[in-house]
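The structure under discussion appears below in the form of structure tokens.
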Amino acid sequence: MSDTMHDALHAAPHRDEHTGTTTTGHEWDGIRELNTPLPRWWLYTFYACIAFAALWVVLYPALPFTGMGLLGYTARGAADADRAAQATAAEPMLARLRATSPEGILADPDLRGYAVSGGRVAFANTCAGCHGAGGQGNPGFPNLADDEWLWGGSLVAVEQTIRHGIRAPDDEETRTSMMPRFVADGLLTAPQANDVAEHVLSLTDRATDKAAAARGAAVFAENCASCHGERAEGNREMGAPRLSDQVWLYGGDKATILRTVSYGRGGAMPAWERRLDPATIRMLTVYVQSLGGTEPAAQ
Amino acid sequence: MSKMQKPAAFSPDDRNQPLYADRVRVYPQAVTGKVRRAKWAVLGFCLGLYYLLPWMRWDRGPGQPDQAVLVDMDKGRLFFFPIEVWPQEVYYLTGLLLLGALGIFAATSLFGRVWCGFACPQTVWTDLYMLVERWIEGDRNARMRRDAKPRWSAGDWGLKLAKHAAWILIAAATGGAWVMYFTDAPTLLRDLLHFDVSPSILGFAGLFTLSTYLLAGWAREQVCTYMCPWPRFQSAMLDDDSLAVSYRAWRGEPRGKARDTSAGDCIDCRACVNVCPTGVDIREGLQMACINCGLCIDACDGIMTKLGRPTALVAFETVGNLAAATAATAAIPPGPARCAPGMAARRPARLLRPRTWFYAAAMSVIGAVMIGAFAGRTDVGIEALRDRAPLFVRLADGSVRNSYTLKISDRRASVERLAIGVEGLPGGASWGVLNGGEPDAAGRPTIETRADGVAEARLFITTAPQGRPEEESTPIRIRLLQPGSDTERAAVGTVFLRPRS
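Listed in order, the protein sequences are those of chains A and Z.
Quick note on our numbering: the first sequence kicks off at -1 and runs consecutively.
Quick note on our numbering: the second sequence kicks off at 11 and runs consecutively.
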């Protein structure tokens, strides 16, 4: 205990000479704190606050195990009311979105702006987990901002994909196909797989073994061309990617290609039709278009 | 610590110090004089401005509000005569607040708390309420007598009721005028008369009605002494050269009867205290509760004139001059003889001194920056938000694309089609605008601005397949151009990024 505090407790209080008021005994560098009385109305405001708090406890659900409070307010109810009000406010615009084709939405700046904003939120909620926050994709999950599309990049095709998904087990119209497990199922031998991988690398001038690549061309024509095309240009009916470009879904290095040939691939995407309303799916379609990848792309 | 547990010894002084202080009612007396006239003028100007400004019209063309001063919360626009401010230009408000703060600092260092005493809304409305109170209830003595009565007559009750009714009417007009700054005034008045207004408007009008009535009618000087932070740091603004309302104690003391020749000029008539709206005694010197309104000057001047003594016993005076006059008259016995040498010892108040220069310089700089920023405003503006996820997109042919969201603002009521150009790109790179309009004669994409709003567009810049930029990050400029020409309307700098490998 400091001497000052001791003095403050035991000595007669110091009285400030200018104001005639006592000081609290606190002193900092010779500056003392006046013990000015509180105005009485201020005290009453404290009482009013206490009364307000008591009223609040009765009106709102403040005490545990005592029910709802007289007003019957619940935070959940308030949130539901907010959501309902928001849904009511949004309904006219959503109705217009449902009634307008994606192309029609693009032609109307107001609708387009609304759809892109709404689509951005829906995308973050439902799509970003796999496709990334900006649609940039992840290994096995396509980049939606580039110009390579497995199943088609038109607005119609994109909307179809969102609605019915890829290899979605619970949707009859889902997009489906299968890349066989060539080596694992004994369709190709390991050396053949190596040759065809070298052939695929040679399509983008990256072959490490020219002879193997040449041998692989025959293997490719026999086993792969039916889906990926004679010149490996891909086939959107089958969701078979073009192999002659720079975009790789799972990776374009030889080890990854070899693994793809050996064990197959079959990415899946949920059918969103049953989880999202048509207007949201339409907004998502328009939002994906705004990422820049869809066809026709920017002029 | 052991000492602390001992009961503290209480002294009788301790018990004399109450925890709570009852309010001392203030009954300010009517006063006339030059300061009072100045205060009436300021009051009339401020109240007139406040109540009438929403009714002023200003033609901005079709589709735009014609109210001279309007804060449109829904559209996010502030209209001030020909000026239209957008939300992103809130730094003008920052500038105004800085100017306001520095202006009050400067005024206080020059003339004490003149803001408090003359222009503060609390003072202006309290003054108006006191005027109404005097009209209805009578002056100081009548009001004091009435309040001291053990029982009020029907007439007393009537006067009190009339006073509060008048106060509430003024408060309602004040609250009503407030919301008129946020919505079209004539429409709102019509809606108010039909009781057809939104709960939020009614809520704000009610809030300002209630606070006006409570603060100007009931709280009054309590606001200045207990609620307002300004009195607390006024002492930092005042110096020896500030002209604050002061009592010339060297001339007035010792107080005595008018015929007492050995006394000073102050006859202790308490006129200065009686007129004071905060109930202080100016003769105790600079004090926190004094709002520097100067009504005590008028009161004292009236008394001095009646006595045939020189006026300005209470005056706007500097601390330095008070000290100089005190020193110069110390040897002279109290009385009229002190007046001339005391006044002669004073020197003119030094208005120009380092701190006022500093305030003036700071205000000039801020004002110049604001005027410069305002003069540099263009009708059309462009901002570019680079996509950050992904930073770039590799396309199938090996080229690299960067995506940007363009925000093109147009303050005008009309729209215009403008071309988008990009400067600083490596050869072979191309750009396109998603959902844009027909390209212009130079083959550049075009977009249409949005009248009094912001048009948004997606810009994609793509390199040639083998034409990657040298640098990982290339500075570029996105330009808003007159279609078919190179006339630049606005431009913004950003970067183009390519993959590391």
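Note that beta-carbon positions come from the ideal geometry of N, C-alpha and C, so glycine has one too.
Fair warning: this is a prediction, and the values are worked out from it, not measured in the lab.
Practice task
Within the same chain, show all residues whose beta-carbon is closer than 7 Å to that of A/Pro276, passing over the 5 residues directly before and after it, in chain order.
Solution key: Excluding sequence neighbours, A/Pro276 sits near Arg96.
Exercise for the section: For A/Val154, count neighbouring C-beta atoms within 10 Å of its own C-beta (all shown protein chains included) and say buried if the count is 16 or more, exposed if not. Expected result: Around the beta carbon of A/Val154, fewer than 16 other beta carbons lie within 10 angstroms, which makes this residue exposed.
Exercise for the section: Answer with yes or no whether the minimum CB distance from A/Ala296 to chain Z is below 7 Å. Expected result: Only weak support is given to the placement of A/Ala296: the predicted model assigns it a pLDDT of 37, under 50, and the question is left unresolved by the model.
Problem - Same chain only: Cβ atoms within 6 Å of A/Gly150, ignoring 5 sequence neighbours per side - result: Here the set comprises Arg234.
Practice task
Output, in sequence order along the chain, the residues in the segment 383 to 404 of chain Z whose CB is closer than 8 Å to any CB in chain A.
Solution key: For the segment 383 to 404 of chain Z, residues whose beta-carbon sits nearer than 8 Å to a beta-carbon of chain A comprise Asp397, Arg398, Ala399, Pro400, Val403 and Arg404.
Practice task
Check distances from the C-beta atoms of the segment 425 to 448 of chain Z to those of chain A and list, in chain order, the residues that come in under 7 Å.
Solution key: Among the residues of the segment 425 to 448 of chain Z, those with a Cβ less than 7 Å away from any Cβ of chain A are Gly442, Val443, Leu444, Asn445 and Gly446, in the order of the chain.
Practice task
List in chain order: all unbroken alpha helix (DSSP H) runs of 4+ residues lying wholly within the segment 99 to 158 of chain Z.
Solution key: As summarised for the segment 99 to 158 of chain Z, the continuous alpha helix (DSSP H) elements at least 4 residues long and confined to that stretch are 101 to 121, 131 to 147 and 150 to 158, given in chain order.
Exercise for the section: Just mark Z/Asn151 as buried or exposed, buried being the case when its beta carbon has 16 or more other beta carbons within 10 Å. Expected result: exposed
Handout entry: Whole-Å CB distance - Z/Cys349 paired with Z/Ile301, under 8 Å assumed
Key = In fact, because the Cβ distance is near 28 Å, the residues do not count as touching under 8 Å.
Exercise for the section: On the DSSP bridge assignment, give the partners of Z/Lys417 in chain order. Expected result: For Z/Lys417, which the question treats as bridged, DSSP gives the partners Z/Glu393 and Z/Glu466.
Handout entry: Same chain, Cβ closer than 8 Å to Z/Ile430, neighbours up to 5 away in sequence not counted
Key = Cβ neighbours of Z/Ile430 within its own chain (closer than 8 Å, five residues either side excluded): Leu416, Trp441, Val443, Gly446, Arg454, Pro455, Thr456, Ile457, Ala467, Leu469, Ile488, Arg489, Leu490 and Leu491.
Practice task
Let me know if A/Ala211 comes out buried or exposed under the rule of 16 or more other beta-carbons within 10 Å of its beta-carbon.
Solution key: With a threshold of 16 other beta carbon atoms within 10 Å, A/Ala211 meets it and is buried.
Problem - Z/Arg499, enclosing beta strand (DSSP E) - first and last residue - result: Glu498 to Leu507
Problem - Cβ pair count under 8 Å reaching 3, the segment 249 to 262 of chain A against the segment 410 to 429 of chain Z - result: no
Exercise for the section: Identify, in the order they occur along the chain, each residue of the same chain with its Cβ nearer than 7 Å to the Cβ of A/Arg161, setting aside the five sequence neighbours on each side. Expected result: Ala269, Trp270, Glu271 and Ile279
Exercise for the section: Apply the 10 Å Cβ neighbour rule to Z/Ala371 and answer buried if 16 or more other Cβ atoms are within range, or exposed otherwise. Expected result: exposed
Practice task
For Z/Asp166, collect the residues of the same chain with a Cβ closer than 6 Å to its Cβ; drop the 5 residues on either side in sequence, then sort them by chain order.
Solution key: Arg156
Exercise for the section: Verify whether the separation of the beta carbon atoms of Z/Leu435 and Z/Ile486 is less than 7 Å. Expected result: yes
Handout entry: C-beta contact flag for Z/Leu109 and Z/Ile376 at 7 Å
Key = yes
Handout entry: Proximity test, Cβ basis, 7 Å: Z/Ser413 and chain A
Key = With 7 Å as the cut-off, Z/Ser413 counts as an interface residue toward chain A.
Handout entry: A/Ala223 versus A/Cys125: straight-line alpha-carbon distance, rounded
Key = Rounded to the nearest angstrom, the two C-alpha atoms are 32 Å apart.
Problem - Cross-chain neighbours of A/Pro37 in chain Z, by beta carbon under 9 Å - result: Tyr30, Ala31, Asp32, Arg33, Gln232, Thr235 and Tyr236
Handout entry: Simplified DSSP state of Z/Ala334, which is helix, strand or coil
Key = helix
Problem - Which residues DSSP lists as bridging Z/Asp82, in chain order - result: DSSP lists Z/Arg87 as the bridge partner or partners of Z/Asp82.
Practice task
Residues of the segment 91 to 113 of chain A with a CB closer than 9 Å to any CB of chain Z: list them in chain order, please.
Solution key: Leu104, Ala105, Pro107, Arg110 and Gly111
Practice task
Give me the Cα-Cα distance between A/Ile103 and A/Pro90, rounded to the nearest whole angstrom.
Solution key: 14 Å
Handout entry: Extent of the continuous alpha helix (DSSP H) to which Z/Pro364 belongs
Key = Pro364 to Ala385
Problem - Closer than 7 Å to chain Z by CB, A/Ala143 - result: With 7 Å as the cut-off, A/Ala143 counts as an interface residue toward chain Z.
Handout entry: C-beta contact flag for A/Ala205 and A/Cys225 at 7 Å
Key = no
Handout entry: the segment 243 to 269 of chain A: positions lying closer than 8 Å to chain Z by Cβ
Key = Asp243, Gln244 and Val245
Problem - Inside the segment 96 to 164 of chain A only - alpha helix (DSSP H) runs reaching at least 4 residues - result: 100 to 105, 107 to 124, 126 to 129 and 153 to 162
Practice task
Just the C-alpha distance for A/Ser115 and A/Ala215, rounded to the nearest angstrom, thanks.
Solution key: Cα-Cα distance, rounded: 48 Å.
Exercise for the section: Using a Cβ cut-off of 7 Å (strictly closer), state whether Z/Gln27 contacts chain A. Expected result: Taking a beta-carbon distance threshold of 7 Å, Z/Gln27 counts as an interface residue toward chain A.
Handout entry: Per DSSP, the bridge partner or partners of Z/Trp228
Key = In the DSSP assignment, no residue is bridged to Z/Trp228.
Practice task
Could you confirm whether any beta carbon from chain A is found closer than 7 Å to the beta carbon of Z/Arg508?
Solution key: no
Handout entry: Closest Cα partner of Z/Met353 within the set Z/Ser483, Z/Met298, Z/Met140 and Z/Val324
Key = Z/Val324
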